[in-house]
Structure formats: C-alpha cells, structure tokens
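Mapping of the sequence shown onto this note's numbering: residues -12 to 104, in sequence order.
We put the CB at the ideal spot given by N, CA and C, even for glycine.
From a predicted model like this one, the values you see are computed outputs, not experimental measurements.
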Amino acid sequence: MASLHSPRLFISTHLPYSFLPESVRNNPTCKVVYVSRNPKDTFVSLWHFSNKVRAQKKTEEMGASPMDEMFDKFSKGVSPYGPIWEQVLGYWEDSKTNPNKIFFLKYEEMSDQKPEH
C-alpha cells in the first residue's frame, strides 16, 4: 500500500458505470471493483430497504410496498439506480474491454469461498 499514490480513496456507490464522474472513468490509475449480485437477491434486498425507508417516514399513506407491484417495477427497470440489467451489463462489458480498470466480481462466488485456517 505504501507504494500506491495518494490519495487512495474507496467509494461505494450504486451508480451505473456511465454515471461515474469522468475523473474516475478516464483516470488511468483509478481502479473500479464492481460486485454484482443475483437479481433475485438484489430485488429482495431493495424491497426490504424500501419498506424500511417507508416505515421511517411514518405516514399512513405510505404502508409497505406490495411485493408484486415492486417486482413488476423492478422487472421493467424502474428502480432508484435504473435498470439492473443495464447496470450489470455495463460494468461487465467494460470489465471485458478494460480488465486493468474494472474488476467484476459476483457476490455469490465471493461468499462461496470460505477462508482456510
């Protein structure tokens, strides 16, 4: 780590690659690690998060989101960060054309690898 240039910043985001600032996309020393997740797990996580946010607002008109309605929107690409399919595909394609810049991982593969003691 000492040999790496400063500043070494680690930023977590849900933005599609095309939405990242040019200072990230065009900087040859900036590296991106993208962790994709099974779309089913992504949807369930989004549904729970959305309901938690709605509950914090504590307004009667904002009850829990019905899962079937939210799934329909998710399937059509209506989500806070755009269609999941486009986002994952964007990072995947960019990781293939620029593997030294973007490291594409799958969450399930990471969690399958248990550390050895």
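Asked                                                                                                                                                                                             : Found
Going by C-alpha to C-alpha distance, which of 3, 31, 4 sits closest to residue 59?                                                                                                               : 31
Please go through the same chain and pick out, in chain order, the residues whose beta-carbon is closer than 8 Å to the beta-carbon of residue 39, but skip the five residues on each side of it. : none
Could you check what DSSP says for residue 22 in three-state terms: helix, strand or coil?                                                                                                        : strand
Rounded to the nearest angstrom, what separates residue 91 and residue 15 at their Cα positions?                                                                                                  : 17 Å
Hey, how far is the Cα of residue 1 from the Cα of residue 11?                                                                                                                                    : 15 Å
Run the CB neighbour count on residue -2, radius 10 Å, all protein chains shown included, and call it buried at 16 or more, exposed below.                                                        : exposed
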